[in-house]
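> In my numbering, the protein residues as written are 50 to 513.
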Amino acid sequence: MHRRAYFAAALSASLLVLGSAAFAADAPAAAAPAEAKPGPAKAAAGRDLSAATTPEAVGFDSGRLKMLDDYMAGVVSEGRVAGMTTLLARHGKVVEFKTYGKASLATGKAMPKDEIFRVYSMSKPLTGVAMMILFEQGKWRLDDPVTRYVPEFKNLKVMVEADKDGKITKVEDMKRPPTMREIMSHTAGFGYGLGDRHPVDKLYREKKVLSSNGLQEMIDRTATIPLMYQPGTNWSYSSAVDIQGYIVQKLSGKPFGQFLQENVFGPLKMKDTGFYTGPAKANRLAAVYVGEMVNNKPTGKIVEANDLFGNQMPDYSKPPAMESGGGGLVSTTMDYARFCQMMLNKGQLDGVRILSPSSIELMDTNVIPKNVLVNNNGTGVASFNEYVGFGLDFQVVNDARKAGMNEGNNTMSWGGAAGTWFWIDPTNDVLFVGMIQRMGGTGGDDLGAQARTLTYQALLHPEK
């Protein structure tokens with residue numbers, strides 16, 4: 050089965066998971082890592098994800114952290130997930146790096162710290178960073194029309210009406226093209242093909258946009274489908290980050306995966322992150338599970354998703370037909386934590402600068418207009434208000450306390466269709482990465498939200 054088709058089916062079943070809260074040595078498509086770019090590392094000295102001497106040294110209470118550990122262990126022992134890894138860091142020091150359960154129930158393999166996970170939509174922030182690298186090179190600006198870089202979109206229409214069967218019956222011209230800011234904040238109006246929640250999504254599925262044979266074919270198919278709404282007037286989870294991948298490829302003159310390897314993964318030493326594992330690392334890819342259903346009723350058990358929704362699992366040992374910036378990457382817990390730490394360090398890690406502090410701040414600033422924030426977009430993916438918004442490829446917290454959240458203001462976060470999650474909290478200098486592999490939710494409370502609560506109740510001395 051085509052990997053993007055599988056991703057669409059998987060994510061369609063996993064909307065609520067997201068809403069709550071070319072790297073292998075033998076992979077021919079992977080380029081050599083870019084030469085490290087020295088940057089001003091003084092401010093980030095020692096913030097390298099080495100182990101904290103004790104949790105107390107960075108403000109956490111060891112006894113209270115046990116509540117977090119016990120909860121995660123309980124999720125595994127209850128059979129809601131097969132296994133899990135979590136990593137908590139503060140001030141650039143790892144407070145806890147835990148593993149629970151099994152990487153595969155069939156083989157009995159214990160979950161190792163270096164297991165590889167399908168991170169699905171946690172690919173999006175990495176694509177956003179690739180975009181911002183080109184932004185810093187002056188190759189595009191936030192309020193540029195996307196048609197400047199994707200002229201195929203010049204004649205896009207906007208849906209106005211559809212019949213009861215979901216067939217679009219009336220369209221209108223765009224009042225203006227979407228901007229680059231809007232494609233980085235899901236306000237451009239593109240669909241995604243996640244189920245049939247909208248007539249435009251139905252067309253995305255019918256035209257197999259997510260199953261395209263390469264990024265150019267994805268663009269060509271997208272150009273034939275109307276937008277959901279006039280650009281900038283609503284928020285809807287979309288294929289816009291896949292469009293970003295195409296733009297990175299076009300502006301850089303390099304295959305998207307190669308650009309990521311040379312400018313992000315290589316410099317950050319994310320040695321196990323890419324669009325496929327390659328044969329040598331294929332046995333490190335965790336098994337993925339779904340909730341078992343009998344007679345359309347959940348049994349409370351999980352089963353391996355070898356045949357999900359009637360489709361064969363994709364082969365991650367081989368390069369995909371399309372390098373999906375929206376959902377195609379695999380990674381490890383430590384690799385993704387290194388990315389998060391770079392963001393906390395204002396754009397650098399281990400003396401290597403990826404972005405400037407001002408670009409990190411741009412990504413971490415809500416860009417959704419107030420009138421759009423209060424709309425109910427109906428996707429089930431994210432719920433925004435004046436306290437929680439969306440920046441450039443991240444959800445961002447505008448006012449944590451008014452939103453009823455434990456983390457600090459300007460916290461960036463997102464998740465993936467198989468239940469992975471992360472957050473980056475610059476106010477408290479905290480990062481957290483959680484990795485599981487279960488589609489369609491975990492059959493209980495939200496792991497990301499619970500992880501936040503149990504993490505911050507243990508942060509007794511934030512002044513440290």
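Note that the Cβ used here is the ideal one computed from N, Cα and C, for glycine as well.
Rounding to the nearest angstrom, what Cα-Cα distance links Trp189 and Leu183 in this structure?
The straight-line gap from Cα to Cα measures roughly 7 Å.
> Give the C-beta separation of Val249 and Gly375 to the nearest angstrom, bearing in mind that I take them to be a contact with Cβ-Cβ under 8 Å.
Not a contact, Cβ separation roughly 16 Å.
> Name the residue from Leu309, Ile217, Ser408, Ala354 whose alpha carbon lies nearest to the alpha carbon of Glu185.
When each option's Cα is compared against that of Glu185, the closest is Ser408.
> Could you say if the region 223-242 and the region 273-281 meet the contact criterion of at least three C-beta pairs nearer than 8 Å?
Yes, they touch.
> Quick one: what's Thr228 bridged to in DSSP?
For Thr228, which the question treats as bridged, DSSP gives the partners Pro194.
> Would you check if the distance between the CB atom of Ser261 and the CB atom of Arg254 is smaller than 7 Å?
Not a contact, by the Cβ cut-off of 7 Å.
> From what residue to what residue does the beta strand (DSSP E) around Phe439 run?
Per DSSP, Phe439 belongs to the beta strand (DSSP E) from 437-439.
> Should Val343 go down as buried or exposed, given a rule of 16 or more other Cβ atoms within 10 Å for buried?
Exposed.
> Give the DSSP-derived three-state secondary structure of Phe481 in the structure shown.
Note: Phe481 maps to strand in three-state DSSP.
> Among Ala452, Gly240, Phe471, Gly294, which one has its Cα closest to the Cα of Met461?
Ranking Ala452, Gly240, Phe471, Gly294 by Cα distance to Met461 puts Phe471 first.
> Could you check if Ala35 is buried or exposed, using at least 16 other CB atoms within 10 Å of its CB as the buried criterion?
Summary: the structure shown does not reach residue 35, with the chain confined to residues 50 through 513, and so no result is reported for it.
> Could you check where the alpha helix (DSSP H) with Lys307 kicks off and where it finishes?
The identity of residue 307 in the sequence shown is Gln, whereas the question assumes Lys. That run of the alpha helix (DSSP H) goes 305-309.
> For Asp442, count neighbouring Cβ atoms within 10 angstroms of its own Cβ and tell me buried if that reaches 16, exposed if not.
Asp442 is buried by the Cβ-count criterion.
> Quick check on Ala81: buried or exposed, where buried means 16 or more other Cβ atoms within 10 Å of its Cβ?
Summary for Ala81: the model assigns pLDDT 34, below 50, so the residue's position carries little reliability; its value from the coordinates is reported in the next sentence. By the neighbour-count rule (16 or more Cβ atoms within 10 Å), Ala81 is not buried but exposed.
> With a 10 Å radius around its C-beta and 16 neighbouring C-beta atoms as the bar for buried, classify Pro316 as buried or exposed.
Burial call: buried.
> Find out if the Cβ-Cβ distance for the pair Met229, Val195 is shorter than 7 Å.
Yes. Within cutoff.
> May I ask which residues mark the beginning and end of the alpha helix (DSSP H) holding Met223?
Run containing Met223: none; DSSP gives neither H nor E here.
> Beta-carbon separation of Glu456 and Asp478 under 7 Å?
For Glu456 and Asp478, no; Cβs fall outside 7 Å.
> Under 8 Å, with one C-beta from each stretch per pair, do the region 107-119 and the region 498-505 reach the 3-pair mark?
Output reads yes: the region 498-505 touches the region 107-119.
> Count the other C-beta atoms from every protein chain shown that fall within 10 angstroms of the C-beta of Thr476, then say buried if there are 16 or more, exposed otherwise.
Exposed is the call here.
> Excluding sequence positions up to five away, which residues of its chain have a Cβ less than 7 Å from the Cβ of Phe388?
Here the set comprises Leu175, Leu317, Met319.
> Provide the residue(s) that pair with Ile217 in DSSP beta bridges, ordered along the chain.
Bridge partners of Ile217: Ala211.
> Spell out the partners DSSP gives Phe202 in its beta bridges.
For Phe202, which the question treats as bridged, DSSP gives no partner whatsoever.
> Just to confirm my understanding: we take Val66, look at its own chain, exclude 5 residues before and 5 after, and list those with CB closer than 7 Å. What are they?
Residue confidence is low: Val66 scores 42 on pLDDT, short of 50, so the model does not pin down where it sits. Its coordinate-derived value is still stated next. So the qualifying residues of the chain are Gly464, Ala466, Gly468, Gly490.
> Specify the secondary structure class of Ala76 as computed by DSSP and reduced to three states.
Reliability of the predicted coordinates at Ala76 is poor, the pLDDT of 37 falling under 50, and no value is obtained from them.
> If you draw a straight line from the alpha carbon of Ser285 to that of Lys162, how long is it in whole angstroms?
Roughly 35 Å between the two C-alpha positions.
> Among Lys451, Asn420, Met383, which one has its Cα closest to the Cα of Glu164?
Of the candidates Lys451, Asn420, Met383, the one whose C-alpha sits nearest the C-alpha of Glu164 is Met383.
> Let me make sure I understand the geometry here. Which of Ala152, Gly95, Thr102 has the alpha-carbon closest to that of Ile485?
Nearest option by C-alpha distance: Ala152.
> Candidates Lys173, Ser287, Lys203: which alpha carbon is nearest Leu243's?
Closest option to Leu243, Cα to Cα, is Ser287.
> Just the Cα atoms here: how many angstroms apart are Val258 and Val352?
Those two C-alpha atoms are separated by around 29 Å.
> How is Ala83 classed by DSSP in three states: helix, strand or coil?
The predicted position of Ala83 is uncertain, since its pLDDT is 38 and thus under 50; a value taken from the coordinates is nonetheless stated next. Of the three classes helix, strand and coil, the one that applies to Ala83 here is coil, per DSSP.
> Counting beta carbon pairs with one atom in the region 290-309 and one in the region 130-149, are three or more of them shorter than 8 Å?
Too few Cβ pairs lie closer than 8 Å, so no.
> How would you call Ala71, buried or exposed, if buried means at least 16 neighbouring beta carbons within 10 angstroms?
The predicted model places Ala71 with a pLDDT of 36, which falls under 50 and marks its position as unreliable, so this point remains unresolved.
> Taking 7 Å as the threshold (C-beta atoms), are Ala329 and Phe166 in contact?
The answer is no: Cβ separation not under 7 Å.
> Could you give the C-beta distance for Glu201 and Ile268, rounded to a whole number, given that I count them as a contact under 8 Å?
Right, the Cβ-Cβ distance comes to about 5 Å (below 8 Å), so this counts as a contact.
> Could you pull the DSSP bridge partners for Pro347 from this structure?
Pro347 pairs with Met342.
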